[in-house]
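Chemist:
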Amino acid sequence: MTAARSRIDERAMGAGTTVRFALLVVLLLAAGGAMMLPVVNSLRHTDAIDCTLAAGIDPDRNGDMASVANALSQAVAHRACMEEHAPPPAPWLLYGWPVLLLVTAALLFVLLPVWKARRRRAVPLESVDPDGDIRALLVGLAATAGLARVPRVIVDRASVATGAVVFGRNRRPTVCLSGGLLACRRRDPERFRAVLLHEFAHIANRDITVTYGTVAVWRVFLALVLLPYLLWSGRRVHGFLTWWGEPSDLPSLTRGLLLPALTAALVFLARSDVLRGREVYADLAAVRWGADPHKWDVPEPTAAGGRLRSALGPLREFRGTHPRWDERRGALADPAPLFGARALPMFLTGAAAAMLTTHLLTYLWAYNLYSLWRVQLVSLAPAALVAGVIGTALWRSVAYAVLTGDRPPSGVRAGLWLGAGLGAGGLFTGYGVSDAQWIPPRPAVLLLVVCAGVAFAGWVTQCARLWAATWRGRSLRPPLLAGLGAAALVLSAWFAWWTMHGTSWAAGASYSDSALRQGVLNVFPGSGGAGATGGAETAGSAVVSTLAAAWPILGGFVAYPLIPAALAALWVVPLTAWSLGRTPGTPRWVTNALPGGDSPPVATGEPLPPLRRVLGPGLLGGAAAWLAVAGAQALLPARPAGPRDGAGLHEAHYLAWLFAALLVPAAVAASVAATRSGRGRRLVAALVAAESSALLGLMGMALLVSSDGCVGPLNTLASDCSWRPVWDTMAWTLPRLVNGVLALAAISALLAAAAGSLLRRVRPGVTRPAEDAAGDEPAPRGGRAAGARRLGGRLAAATAVAAAVAVAVVEPVSLAAFHTMVPDAATTQQVARRWTQAAAPAVSAGTRARQVHAWHRLGGRFLLEHAEANDDYLRTVLRTAVDTENVRLPYLARLRPICADYGRIAGWVNGAYFRAPDREAQTAWHTLGLRAQKGSADCEQALRQQDITLFVEAMRELLAAGDSAGRAAGRVEAVLREAGYEDYLRFTRKAREPAR
């Protein structure tokens, strides 16, 4: 087996190291602006804390879900306050920082070769090679390595080492030879040749630009970002220890200190790991060109004893950029480590992706530029990089197992490490937790991240196994690139959903039950059972409650435009591979990966069950879904005439039946396919069966709904026969139905595959016979019947793929206005007040006083004094009118400006300004808004219509509004006086007369 492994061409697939470097560079560039934002803000005087207090938010809990909901429900006031008292820095400061890093890094990258040559005091090769012997030898070695020309060569005469180093960039490399290497050229020419071929391999592999480009970006990041950030963090620590330190500030402060340390550790470890792998690739290339690997043998130094040194030994190995010599010799004998999905890169990649996503979102949140499409695009960047790193590693491990005849990996272990990294990176950046929290209020939700990592890695691995068994091309690169593109789509949908919805659930998000029920009633008027009695009313209430509970989840499936494409990619990629069928004989890519005429292992690839075992359950499930939808339409009565007659309840019942009719067959199809597909293909088989069943069922549902009214027994939504497209008939619910069914079908496939794997471990005898039967691919039979069956299967697969692609394209286009909308403050506030629970949590008396003081100072005092001044004038005019017996509208029309001003005050009180943080003051404040709004409107109408009765009623409302303003002001004064704000209270309240 070792002999076969030693002849495997490591170039059979891309190494994926360039993508890992790209991930590090993008992470550093994105972190530049995000980490400098608080630093720049600290240099400006802002009043953000008072805006937070005025909104009734506890600073010690700032960032938790209750605080976020409170701020969103007052978005108009909060955003206006922040724009006036704590505006973000100029956009060029945030967006220009990555550009500054990139330009400075490019300049440093150009200067690095000059600096390295001068530091070594190197001289040109010609100065030590007057006869040109060394140059001639280098020309021959460059030709052996396939280089177009000999790179620039310099000599470090002061170095006694017998090595060399290459730096610069790919198009203009520079090789620096040590003086000791030149000295041993005649004594040990094979060592000289081996060392030069190794360095030339770095040039041929195009390692130089990405390596030193990353070095340049990292050094610039240290100087321009990390150093100022550390100074700012030191200032925060000093303030915490000497002035304002509170225990609730410790989590935020700790994360602020850990962020630069973890960023540095992540970049350092990932860079070192990649460079160690590239050294092994250079060794393999040099050996392939004829270098003697024994000439690299260097005795390993014997480390001093000690428990601590022994315990830290593995960590010291990660520190270096070159692997140990015994590791390099082992990789030359068996390159298996190059093809494995190791734990450290998986964890580091996940952590880097989570940190990158958080940093990129900062560029949207800072200026309220977020829309669903922008969040999706932001999520696509880390998803593409992670897919390139993780996907390449998993595909390489599968290809290596195929080439060596080993058991292919499952991807579970790699997925666990990836999920752990994603979760850890999110916790380190503090996304989804408040400044006073170490972990989110619902930490169990974080297990979804780990499960997502396992599912993603398992899906990628099983897709790779399918394509390795069916691909007929000369190289696996085409299906690899297609698979990585699909993986990027899947991950971007997950990142977008987790960023906005998953973290909200983890942070303790809760929706108002009454608001959810009212939202369902708005979509289905009359679904609450109005007008119904007994069992019908109970059934209506149960349906509304069920839909209300599922509505936020279904909304999350519709929110992001690439979710349909991601769901399609989950099953289209494996279905396409399955449709190709098992490759007869040895695939060409296997032959090309075993150079020198080596024979492949006895069993190249895996037995592949026929397509009908996977697509058949899906087609049968789709047919069953058609029948179930038709049965639901036959059982349900005809749609009532209007909402009062229960039309909304009928539609709600119909939607619930549609979900059940479409999902149950999909889940059954997934379970059957997972059982019949065999080990190592459960997940992709279940996805193909479940998604094809759901999609076929949706197509049948669309046909039945569009033609409703034309088949008597199935008439449900209409009574007359005409073509009504489903997107018109179910305009409000169709996106939630389509995406909800497809997403829940995918989840059912994941559960079916997991259950099958778990059952196999617990009771192996139950599933193993079915797996063995699934793994036995029958010999291909000739004849027209067999050909017709294969053609029919491929046509069915092509039709399903076309339908999936159509849904993935049409739905985002139809929802483009929704996905591209950037919500303004008023829309955000309206949505938050409608759907979320924004109850103010209990706070201490001191914090409540600070909140009331901020509320009063930033605008509450002005509005209350304005209302009191209006009330004083109103009472004066009315008293004069009574005393002079001139209670007539021509005289009282002088109050029109006061009525209009009360209307403006009502606008501020009813949403344009913050709610009062004190409960008693808020009661009076709320009454002020209601009374002022009604009194102002009635006054304007009375003066316009010359209605004295309505005018008197309006005056009573306005006088009551003035009394409410007085009560609110009195309560605020009492709270502030009790808390010691005597110096602030410089105004005196006027005595009031009761309203007449």
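What the sequence shown shows, in the working numbering, is residues 444 to 1439, in sequence order. For glycine and all other residues, C-beta sits at the position ideal for the given N, C-alpha and C.
Spatial neighbours of residue 1293 within its chain, please: C-beta separation below 7 Å, excluding the five flanking residues on both sides.
Modeler: Here residue 1293 is taken as the residue at index 850 of the sequence shown, counted from 1. Only 496 meet the Cβ criterion.
Chemist: Going by CA-CA distance only, name the one from 884, 801 and 907 that's closest to residue 871.
Modeler: In the sequence shown, counting from the first residue as 1, residue 871 sits at position 428. Residue 871 has its Cα closest to that of 801, out of 884, 801 and 907.
Chemist: Residues in its own chain within less than 6 Å of residue 1276 by CB, not counting five upstream and five downstream?
Modeler: For the purposes of this step, residue 1276 is taken as the residue at position 833 of the sequence shown. For residue 1276, where only same-chain residues beyond five positions count, the Cβ hits under 6 Å are 516.
Chemist: Taking residue 793 and residue 861 to be in contact with their CB atoms under 8 Å, please state how far apart those CB atoms are, rounded to whole angstroms.
Modeler: Here residue 793 refers to the residue found at position 350 of the sequence shown. Here residue 861 refers to the residue found at position 418 of the sequence shown. Between residue 861 and residue 793 the Cβ distance is about 4 Å, and since that is below 8 Å, they are a contact.
Chemist: Taking contact to mean 3 or more Cβ pairs, one atom from each stretch, closer than 8 Å, check whether the region 796–815 and the region 461–480 are in contact.
Modeler: As far as the Cβ criterion goes, the region 796–815 touches the region 461–480, which means the pair count is three or higher.
Chemist: Does the beta-carbon distance from residue 1054 to residue 913 come in below 8 Å?
Modeler: Sequence index remark: in the sequence shown, residue 1054 carries index 611 (1-based). Sequence index remark: in the sequence shown, residue 913 carries index 470 (1-based). In this structure, residue 913 does not lie closer than 8 Å to residue 1054 by Cβ.
Chemist: Less than 7 Å separating the Cβ of residue 938 from some heavy atom of the ligand GDP?
Modeler: Only the bare structure without any ligand can be found here, which leaves the ligand GDP out of the picture.
Chemist: Just how far apart, CA to CA, sit residue 919 and residue 1198?
Modeler: What you label residue 919 is simply residue 476 of the sequence shown in a count that begins at 1. What you label residue 1198 is simply residue 755 of the sequence shown in a count that begins at 1. Roughly 31 Å separates the two Cα atoms.
Chemist: Between which two residues does the alpha helix (DSSP H) holding residue 1381 run?
Modeler: Within the sequence shown, numbered from 1, the residue matching residue 1381 stands at position 938. Its alpha helix (DSSP H) spans residues 1362–1388.
Chemist: When burial is assigned at 16 or more other CB atoms within 10 Å of the CB, is residue 578 buried or exposed?
Modeler: What you label residue 578 is simply residue 135 of the sequence shown in a count that begins at 1. It counts as exposed.
Chemist: Tell me the DSSP bridge mates of residue 607?
Modeler: If you number the sequence shown from 1, residue 607 lands on position 164. DSSP output for residue 607 lists 620 as bridge partner(s).
Chemist: My parser needs the alpha helix (DSSP H) runs of 4 or more residues fully inside the region 792–861; what are they?
Modeler: The qualifying runs are 815–829 and 835–847.
Chemist: Considering only DSSP beta bridges, list what residue 599 is partnered with.
Modeler: Start at 1 with the first residue of the sequence shown, and residue 599 comes out as number 156. For residue 599, which the question treats as bridged, DSSP gives the partners 621.
Chemist: Only counting runs of 4 or more residues, tell me where the alpha helix (DSSP H) segments fall wholly within the region 674–739, in order along the chain.
Modeler: As far as the region 674–739 is concerned, its whole alpha helix (DSSP H) runs of at least 4 residues are 693–731.
Chemist: What are the start and end residues of the alpha helix (DSSP H) that includes residue 1441?
Modeler: Residue 1441 lies beyond the range of the chain shown here (444 to 1439); nothing can be said about it.
Chemist: Assuming residue 1245 contacts residue 1062 (C-beta within less than 8 Å), just tell me the rounded distance between them.
Modeler: Residue mapping note: residue 1245 aligns to position 802 of the sequence shown, counting from 1. Residue mapping note: residue 1062 aligns to position 619 of the sequence shown, counting from 1. Not confirmed; about 15 Å, so no contact.
Chemist: Which residues in the same chain as residue 565 place their Cβ atom closer than 7 Å to its Cβ, once the five residues preceding and following it in sequence are excluded?
Modeler: Counting from 1 along the sequence shown, the entry for residue 565 is found at position 122. So the qualifying residues of the chain are 597, 598, 599 and 619.
Chemist: Whole angstroms is fine: what's the gap from residue 1002's alpha carbon to residue 817's?
Modeler: What you label residue 1002 is simply residue 559 of the sequence shown in a count that begins at 1. What you label residue 817 is simply residue 374 of the sequence shown in a count that begins at 1. Roughly 12 Å separates the two Cα atoms.
Chemist: How long is the line joining the alpha carbons of residue 887 and residue 537, rounded to whole angstroms?
Modeler: Residue 887 sits at position 444 when you count from the first residue of the sequence shown. Residue 537 sits at position 94 when you count from the first residue of the sequence shown. Cα to Cα, the separation comes out at about 35 Å.
Chemist: In the DSSP output, which residue or residues are listed as bridge partners for residue 612?
Modeler: For this step, residue 612 is matched to residue 169 along the sequence shown. The partner list for residue 612 (beta bridge, DSSP) reads 615.
Chemist: Pull up the CB-CB distance for residue 493 and residue 528, whole angstroms please, since I reckon it's below 8 Å.
Modeler: Taking the sequence shown and counting its residues from 1, one reaches residue 493 at position 50. Taking the sequence shown and counting its residues from 1, one reaches residue 528 at position 85. Going by Cβ atoms, the distance from residue 493 to residue 528 rounds to 7 Å, so yes, they are a contact pair.
Chemist: Nearest to residue 590 by alpha carbon, out of 572, 645, 573 and 1345?
Modeler: Working through the sequence shown from its first residue, we reach residue 590 at position 147. Here the closest residue by C-alpha is 645.
Chemist: Output needed for residue 671: all residues of its chain with C-beta closer than 8 Å, excluding positions within five of it in sequence on either side, in chain order.
Modeler: In the sequence shown, counting from the first residue as 1, residue 671 sits at position 228. Answer for residue 671: 479 and 482, listed in chain order.
Chemist: Looking at residue 837 and residue 864, is the spacing between their C-beta atoms short of 8 Å?
Modeler: Looking up residue 864 in the sequence shown gives position 421. Looking up residue 837 in the sequence shown gives position 394. No, the pair does not count as a contact, with Cβ atoms beyond the cut-off.
Chemist: Alpha carbon to alpha carbon, how far is residue 1019 from residue 556?
Modeler: Residue numbering aside, residue 1019 sits at position 576 when the sequence shown is read from its first letter. Residue numbering aside, residue 556 sits at position 113 when the sequence shown is read from its first letter. When rounded, the distance between both Cα atoms is 48 Å.
Chemist: Considering only residues of the same chain and omitting the five flanking positions on each side of residue 1367, which have a CB-CB separation below 7 Å?
Modeler: Here residue 1367 corresponds to residue number 924 of the sequence shown, with the count starting at 1. Once the five neighbours on either side are set aside, the close Cβ partners of residue 1367 are 1407, 1410, 1411 and 1414.
Chemist: Is the beta carbon of residue 917 closer than 8 Å to that of residue 1031?
Modeler: Counting from one through the sequence shown, the residue named residue 1031 turns up at place 588. Counting from one through the sequence shown, the residue named residue 917 turns up at place 474. Yes, these two residues count as a Cβ contact at 8 Å.
Chemist: Which of the three DSSP states is assigned to residue 531 in this structure?
Modeler: Here residue 531 refers to the residue found at position 88 of the sequence shown. The answer is coil: DSSP assigns residue 531 none of H, G, I, E or B.
Chemist: Which whole-angstrom value is the C-beta distance of residue 627 and residue 636, which I expect to be below 8 Å?
Modeler: Here residue 627 refers to the residue found at position 184 of the sequence shown. Here residue 636 refers to the residue found at position 193 of the sequence shown. Not quite, the Cβ-Cβ distance comes to about 11 Å (not below 8 Å), so this is no contact.
Chemist: Between residue 549 and the rest of its own chain, which residues show a CB-CB distance below 7 Å, the 5 nearest in sequence each way excluded?
Modeler: Along the sequence shown, one-based indexing puts residue 549 at 106. For residue 549, where only same-chain residues beyond five positions count, there are no Cβ hits under 7 Å.
Chemist: Among the residues of its own chain, which have a CB less than 6 Å from the CB of residue 1356, if the five just before and after it don't count?
Modeler: Within the sequence shown, numbered from 1, the residue matching residue 1356 stands at position 913. 520 and 1302.
Chemist: Please list, in chain order, all residues of the same chain as residue 1321 whose beta carbon is under 7 Å from its beta carbon, the five residues on each side excluded.
Modeler: For this step, residue 1321 is matched to residue 878 along the sequence shown. Correct list, in chain order: 1398.
Chemist: Nearest to residue 1358 by CA position, among 476, 795 and 498, is which residue?
Modeler: The residue labelled residue 1358 in the question sits at position 915 within the sequence shown. The shortest Cα separation from residue 1358 among 476, 795 and 498 belongs to 498.
Chemist: Going by the beta-carbon positions, is the gap between residue 898 and residue 1185 smaller than 8 Å?
Modeler: To locate residue 898, count along the sequence shown from 1; it is residue 455. To locate residue 1185, count along the sequence shown from 1; it is residue 742. No, these two residues do not count as a Cβ contact at 8 Å.
Chemist: Straight-line CA distance for residue 1174 to residue 1098?
Modeler: For the purposes of this step, residue 1174 is taken as the residue at position 731 of the sequence shown. For the purposes of this step, residue 1098 is taken as the residue at position 655 of the sequence shown. The alpha-carbon atoms of residue 1174 and residue 1098 are separated by roughly 13 Å.
Chemist: I'd like to know whether the C-beta atoms of residue 1405 and residue 1311 end up nearer to each other than 8 Å.
Modeler: Numbered from 1 along the sequence shown, position 962 holds the residue referred to as residue 1405. Numbered from 1 along the sequence shown, position 868 holds the residue referred to as residue 1311. Yes, the Cβ-Cβ distance between residue 1405 and residue 1311 is below 8 Å.
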